[in-house]
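Shown next, in structure tokens, is the structure this report addresses.
There are 2 protein chains.
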Amino acid sequence: MKLAIFGYGNLGRGVEYAVQQNPDAELVGVFTRRDPASVRTQTGVPVYAANDVLAHRDEIDVLIICGGSATDLPVLTPALAKDFCVVDSFDTHAKIPAHFEAVDAAAAAGGKLALISCGWDPGMFSLARMYANAILPDGKDYTFWGRGVSQGHSDAIRRIPGVLDARQYTVPIESALAAVRSGAQPELTTREKHLRECYVVAAEGADKQAIETAIKTMPNYFADYDTTVTFITADEMKANHSALPHGGCVIRSGSTGADGAHRHTIEYALKLDSNPEFTASVLVAFARAIHRMAQRGETGCRTVFEIAPADLSPLTREQLRKSML
Amino acid sequence: MKLAIFGYGNLGRGVEYAVQQNPDAELVGVFTRRDPASVRTQTGVPVYAANDVLAHRDEIDVLIICGGSATDLPVLTPALAKDFCVVDSFDTHAKIPAHFEAVDAAAAAGGKLALISCGWDPGMFSLARMYANAILPDGKDYTFWGRGVSQGHSDAIRRIPGVLDARQYTVPIESALAAVRSGAQPELTTREKHLRECYVVAAEGADKQAIETAIKTMPNYFADYDTTVTFITADEMKANHSALPHGGCVIRSGSTGADGAHRHTIEYALKLDSNPEFTASVLVAFARAIHRMAQRGETGCRTVFEIAPADLSPLTREQLRKSML
Numbered sequence: 241m242k243l244a245i246f247g248y249g250n251l252g253r254g255v256e257y258a259v260q261q262n263p264d265a266e267l268v269g270v271f272t273r274r275d276p277a278s279v280r281t282q283t284g285v286p287v288y289a290a291n292d293v294l295a296h297r298d299e300i301d302v303l304i305i306c307g308g309s310a311t312d313l314p315v316l317t318p319a320l321a322k323d324f325c326v327v328d329s330f331d332t333h334a335k336i337p338a339h340f341e342a343v344d345a346a347a348a349a350g351g352k353l354a355l356i357s358c359g360w361d362p363g364m365f366s367l368a369r370m371y372a373n374a375i376l377p378d379g380k381d382y383t384f385w386g387r388g389v390s391q392g393h394s395d396a397i398r399r400i401p402g403v404l405d406a407r408q409y410t411v412p413i414e415s416a417l418a419a420v421r422s423g424a425q426p427e428l429t430t431r432e433k434h435l436r437e438c439y440v441v442a443a444e445g446a447d448k449q450a451i452e453t454a455i456k457t458m459p460n461y462f463a464d465y466d467t468t469v470t471f472i473t474a475d476e477m478k479a480n481h482s483a484l485p486h487g488g489c490v491i492r493s494g495s496t497g498a499d500g501a502h503r504h505t506i507e508y509a510l511k512l513d514s515n516p517e518f519t520a521s522v523l524v525a526f527a528r529a530i531h532r533m534a535q536r537g538e539t540g541c542r543t544v545f546e547i548a549p550a551d552l553s554p555l556t557r558e559q560l561r562k563s564m565l
Numbered sequence: 241m242k243l244a245i246f247g248y249g250n251l252g253r254g255v256e257y258a259v260q261q262n263p264d265a266e267l268v269g270v271f272t273r274r275d276p277a278s279v280r281t282q283t284g285v286p287v288y289a290a291n292d293v294l295a296h297r298d299e300i301d302v303l304i305i306c307g308g309s310a311t312d313l314p315v316l317t318p319a320l321a322k323d324f325c326v327v328d329s330f331d332t333h334a335k336i337p338a339h340f341e342a343v344d345a346a347a348a349a350g351g352k353l354a355l356i357s358c359g360w361d362p363g364m365f366s367l368a369r370m371y372a373n374a375i376l377p378d379g380k381d382y383t384f385w386g387r388g389v390s391q392g393h394s395d396a397i398r399r400i401p402g403v404l405d406a407r408q409y410t411v412p413i414e415s416a417l418a419a420v421r422s423g424a425q426p427e428l429t430t431r432e433k434h435l436r437e438c439y440v441v442a443a444e445g446a447d448k449q450a451i452e453t454a455i456k457t458m459p460n461y462f463a464d465y466d467t468t469v470t471f472i473t474a475d476e477m478k479a480n481h482s483a484l485p486h487g488g489c490v491i492r493s494g495s496t497g498a499d500g501a502h503r504h505t506i507e508y509a510l511k512l513d514s515n516p517e518f519t520a521s522v523l524v525a526f527a528r529a530i531h532r533m534a535q536r537g538e539t540g541c542r543t544v545f546e547i548a549p550a551d552l553s554p555l556t557r558e559q560l561r562k563s564m565l
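Protein sequences appear in the order of chains A and B. The first sequence begins at 241 in the working numbering and counts up by one. The second sequence begins at 241 in the working numbering and counts up by one.
What follows is the structure in structure tokens.
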């Protein structure tokens, strides 16, 4: 299958690496809204201007759109889905139904197939929730994130006056995790599930106490959590906080049998050194499925729920039965 | 959907309970090879003779076959797949390809749809392996079972002269699990992954030392493991070892990025109070999918790999996008 990347940031670079691990995939090119001459890819794959993408229509089986969910994807995915089979990682949960409708209309009109909201959350975590709910109708869902870097929360700290740089780690609270894993089905508040650890580089002469207060009282982002703030130097930031680890787990705790006498716990957990590279690896596997489904004549928009797992694998059905079942 | 149970042991009773948790499912009846008058169901569902199943052909959307993999299912599933949409939990991994061929031929000939090897291993563990392999092509798989009762190993102990009853627990070794979860990708021998704990009721005057030796040196079952043998009374067996808990986890540890610099761990873990009831809950969710796919005109045999997750859920695609993605 011939893939292309639209948008070349951390996620796009991750897709470039992921394609190299899949011998049945070939990377046709990277499309960027920057000056193509200014972009150097990791593996020497050609770089084109975003505006020229239509000229490459016939060379691309699936276009992987690597943009932000706030402003990029709501415009890009519907615009491109008319002419390309596309995969995106749109992750604003509340706006997924509207995004789906827009992409579905475009893809159906163009006779193409699209997949939205692919990655790990939404994506693999959504699948974990859905399978577990179908198996244990009588139960309770829990999602924990971390330990990992939240880009949105890091950005929010950077907007505070006097802050030069910041990194925020979301940290699940071990005692809450243990209670959930025990099958006790606890009711947990926001504060009881996660801590927020902040590392901040302050400008010289900045009022650190004011910065700390501004962080800890910030509504939506930090006010509902126990938050720690640690001031560090720019060198320490670079040395110790350059990576983008993340992860978390989806747990469903449920009951079966006479009067729900038997408890069961289903857990799906991820521990990721690189959030964007893992997300990219998920995108490439699902691009394979979209390519196959499009070849079978399917059109319109899909989510991860509608993809038969076998379509993600380079193995044949027979090989899968023999080696994975 | 109208379901029926063929074979009424622990698994069949589990299916009966699971149907009660699914408002869109109705249990038409239980079919047994025993005298139907001797079987009392948990919920008052009618019991019929196995030989009369064809007379109920038009009342049943999916027949869930609850039999043993050694001798029952290789015969029953192909025989029934000609006239019914069927789901089974065939779990002899090495014989799955042959079982698939037999069931596929029967189902295709009868214009019916069948699903084999459904449950948690094979089943949900197979899906966990397949998804994780598709996402991380460069990596290593690990499966740990337990802490849980192995029926096969318990039966093997019961066949030793002087043994009245036995229960064998498979126990994953914590240090091995920790090494795998760390991303270190260790090479582990059979002995390094699991312990086997045996509880044995000996006949009066039996040679306990001989029984212990017979267990610990039994090829295939125990010789390759560190095994503990504890003699208990029949009352202790009943009081402390009547349940059938099980579980385990599938872990894939893999790398992405430049020179595989970033490590990732994907883990799917189950902790089950009742192995048969959980397996039954999986069977009922997949029976829903088989019913829907059959209504769309599909025929032949499938595995869990070929079932789109959305087909397992009672929710509509729109509800799934809104609540689970």
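Ideal Cβ placement from N, Cα and C applies to all residues, glycine included.
Among B/415, B/300, B/349 and B/465, which has the Cα closest to the Cα of residue 327 of chain B?
-> Counted from its first residue, the second sequence places residue 327 of chain B at position 87. For the residues B/415, B/300, B/349 and B/465, the minimum Cα distance to residue 327 of chain B belongs to B/300.
What residue from A/387, A/292, A/505 and A/478 has the CA that sits closest to residue 405 of chain A's CA?
-> Within the first sequence, numbered from 1, the residue matching residue 405 of chain A stands at position 165. Nearest of A/387, A/292, A/505 and A/478 to residue 405 of chain A, Cα basis: A/478.
On the DSSP bridge assignment, give the partners of residue 288 of chain A in chain order.
-> Taking the first residue of the first sequence as 1, we reach residue 288 of chain A at position 48. DSSP, once it has assigned bridges, lists A/271 as partnering residue 288 of chain A.
Would you call the CB atoms of residue 416 of chain A and residue 435 of chain A closer than 8 Å?
-> Numbered from 1 along the first sequence, position 176 holds the residue referred to as residue 416 of chain A. Numbered from 1 along the first sequence, position 195 holds the residue referred to as residue 435 of chain A. Cβ atoms of residue 416 of chain A and residue 435 of chain A: not closer than 8 Å.
Quick one, are the C-beta atoms of residue 470 of chain A and residue 456 of chain A less than 8 Å apart?
-> The residue given as residue 470 of chain A occupies position 230 in the first sequence. The residue given as residue 456 of chain A occupies position 216 in the first sequence. No.
To the nearest whole angstrom, what separates the beta carbons of residue 362 of chain A and residue 333 of chain A, a pair I think is in contact under 8 Å?
-> Here the question's residue 362 of chain A lines up with position 122 in the first sequence. Here the question's residue 333 of chain A lines up with position 93 in the first sequence. Yes, they are in contact, since the Cβ atoms of residue 362 of chain A and residue 333 of chain A sit about 7 Å apart, within 8 Å.
Closer than 8 Å, CB to CB, is residue 502 of chain A near chain B or not?
-> Position 262 of the first sequence, counted from the start, is the residue given in the question as residue 502 of chain A. Yes - at least one Cβ of chain B is within 8 Å of the one on residue 502 of chain A.
Using a Cβ cut-off of 8 Å (strictly closer), state whether residue 329 of chain A contacts chain B.
-> If you number the first sequence from 1, residue 329 of chain A lands on position 89. Not closer than 8 Å to any Cβ of chain B, the Cβ of residue 329 of chain A fails to qualify, so no.
How long is the line joining the alpha carbons of residue 318 of chain B and residue 342 of chain B, rounded to whole angstroms?
-> Stepping through the second sequence from its first residue, residue 318 of chain B is reached at position 78. Stepping through the second sequence from its first residue, residue 342 of chain B is reached at position 102. If you take the alpha carbons of residue 318 of chain B and residue 342 of chain B, they lie about 6 Å apart.
Local Cβ density within 10 Å of residue 525 of chain A, reported as buried at 16 or more and exposed below that | By 1-based counting over the first sequence, the position of residue 525 of chain A is 285. The residue in question, residue 525 of chain A, is buried, as its Cβ has 16 or more Cβ neighbours within 10 Å.
Quick one: list the residues of chain E neighbouring residue 513 of chain B, beta-carbon separation under 7 Å, in chain order.
-> No chain E appears in the structure shown, which is made up of the protein chains A and B.
Excluding the five sequence neighbours on either side, which residues of its own chain have a C-beta within less than 8 Å of the C-beta of residue 550 of chain A, listed in chain order?
-> Looking up residue 550 of chain A in the first sequence gives position 310. The answer, listed in chain order, is 557 and 560.
Quick one: which residues of the stretch 516–529 of chain B get their C-beta closer than 7 Å to a C-beta of chain A? List them in chain order.
-> 517, 518, 521, 522 and 525
Anticipated Cβ contact below 8 Å, residue 388 of chain A with residue 485 of chain A, distance rounded = Within the first sequence, numbered from 1, the residue matching residue 388 of chain A stands at position 148. Within the first sequence, numbered from 1, the residue matching residue 485 of chain A stands at position 245. With a Cβ gap of about 5 Å, residue 388 of chain A and residue 485 of chain A count as contacting.
CA nearest to the CA of residue 527 of chain B, picked from B/424, B/384, B/548 and B/508 | Here residue 527 of chain B is taken as the residue at index 287 of the second sequence, counted from 1. Nearest option by C-alpha distance: B/548.
Under 8 Å from the C-beta of residue 560 of chain A: neighbouring residues of chain B = Sequence index remark: in the first sequence, residue 560 of chain A carries index 320 (1-based). Under the 8 Å cutoff, chain B gives 370, 543 and 545.
So with Cβ pairs under 8 Å, would you call residue 535 of chain B a contact of chain A?
-> Within the second sequence, the letter at position 295 stands for residue 535 of chain B. Not one chain A Cβ lies under 8 Å of residue 535 of chain B.
Sequence-distant residues of the same chain with beta carbon closer than 7 Å to residue 519 of chain B, five excluded per side = As a first step, residue 519 of chain B must be located in the second sequence, where it is residue number 279. Taken in chain order, the residues that qualify are 251, 254, 329, 359 and 360.
Start and end residues, beta strand (DSSP E) containing residue 412 of chain A | Position 172 of the first sequence, counting from 1, holds the residue named residue 412 of chain A. Here the beta strand (DSSP E) through residue 412 of chain A covers 403–412.
Touching by the beta-carbon criterion (3+ pairs, under 8 Å), the stretch 241–248 of chain A and the stretch 267–282 of chain A | yes
Going by DSSP, which residues form a beta bridge with residue 313 of chain A?
-> If you number the first sequence from 1, residue 313 of chain A lands on position 73. DSSP output for residue 313 of chain A lists no bridge partner at all.
Alpha-carbon to alpha-carbon, residue 289 of chain B and residue 320 of chain B = Against the second sequence, residue 320 of chain B aligns to sequence position 80. Against the second sequence, residue 289 of chain B aligns to sequence position 49. Roughly 14 Å separates the two Cα atoms.
Minimum C-alpha distance to residue 439 of chain A - residue among A/421, A/450, A/476 and A/418 = Counting from one through the first sequence, the residue named residue 439 of chain A turns up at place 199. If we check each option's Cα against that of residue 439 of chain A, A/476 comes out closest.
Measuring CA to CA, which of B/483, B/508, B/487 and B/307 is closest to residue 493 of chain B?
-> Here residue 493 of chain B refers to the residue found at position 253 of the second sequence. Of the listed residues, the one whose Cα sits closest to residue 493 of chain B is B/508.
Helix or strand or just coil, what does DSSP make of residue 324 of chain B?
-> By one-based count along the second sequence, residue 324 of chain B stands at place 84. Three-state result, residue 324 of chain B: coil.
Chain B contacts from the stretch 345–360 of chain A (Cβ-Cβ distance under 7 Å) | 357
Does residue 415 of chain B have its Cβ less than 8 Å from a Cβ in chain A?
-> By one-based count along the second sequence, residue 415 of chain B stands at place 175. Taking Cβ atoms only, chain A never reaches closer than 8 Å to residue 415 of chain B, which makes this a no.
Using the rule of at least 16 other Cβ atoms within 10 Å of the residue's Cβ for burial, across every protein chain shown, is residue 303 of chain A buried or exposed?
-> Start at 1 with the first residue of the first sequence, and residue 303 of chain A comes out as number 63. With 16 or more Cβ atoms within 10 Å of its Cβ, residue 303 of chain A is classed as buried.
Quick one: Cα of residue 394 of chain A to Cα of residue 546 of chain B, how far?
-> Translated into positions along the first sequence, residue 394 of chain A becomes position 154. Translated into positions along the second sequence, residue 546 of chain B becomes position 306. Straight through space, the alpha carbons of residue 546 of chain B and residue 394 of chain A are spaced by roughly 41 Å.
Does DSSP put residue 455 of chain A in a helix, a strand or coil?
-> Residue 455 of chain A sits at position 215 when you count from the first residue of the first sequence. Residue state, collapsed to three classes: helix.
Burial state of residue 278 of chain B (16 or more Cβ within 10 Å) | Your numbering for residue 278 of chain B matches position 38 in the second sequence. Exposed, because fewer than 16 other Cβ atoms sit within 10 Å of the Cβ of residue 278 of chain B.
Label residue 295 of chain A either buried or exposed according to how many other C-beta atoms from any shown protein chain fall within 10 Å of its C-beta, with 16 as the threshold for buried.
-> For this step, residue 295 of chain A is matched to residue 55 along the first sequence. Exposed, because fewer than 16 other Cβ atoms sit within 10 Å of the Cβ of residue 295 of chain A.
N-terminal and C-terminal residue of the alpha helix (DSSP H) that residue 339 of chain A is part of | Here the question's residue 339 of chain A lines up with position 99 in the first sequence. Per DSSP, residue 339 of chain A belongs to the alpha helix (DSSP H) from 336–350.
For residue 603 of chain B, does the three-state DSSP call read helix, strand or coil?
-> A question about residue 603 of chain B goes unanswered here, because the residues of chain B that appear run from 241 up to 565.
Cβ-Cβ distance between residue 488 of chain B and residue 351 of chain B below 8 Å | Here residue 488 of chain B corresponds to residue number 248 of the second sequence, with the count starting at 1. Here residue 351 of chain B corresponds to residue number 111 of the second sequence, with the count starting at 1. Not in contact: residue 488 of chain B and residue 351 of chain B (Cβ atoms no closer than 8 Å).
Through-space distance from residue 297 of chain B to residue 281 of chain B, alpha-carbon basis | Along the second sequence, read from residue 1 onward, the residue named residue 281 of chain B stands at position 41. Along the second sequence, read from residue 1 onward, the residue named residue 297 of chain B stands at position 57. Those two C-alpha atoms are separated by around 21 Å.
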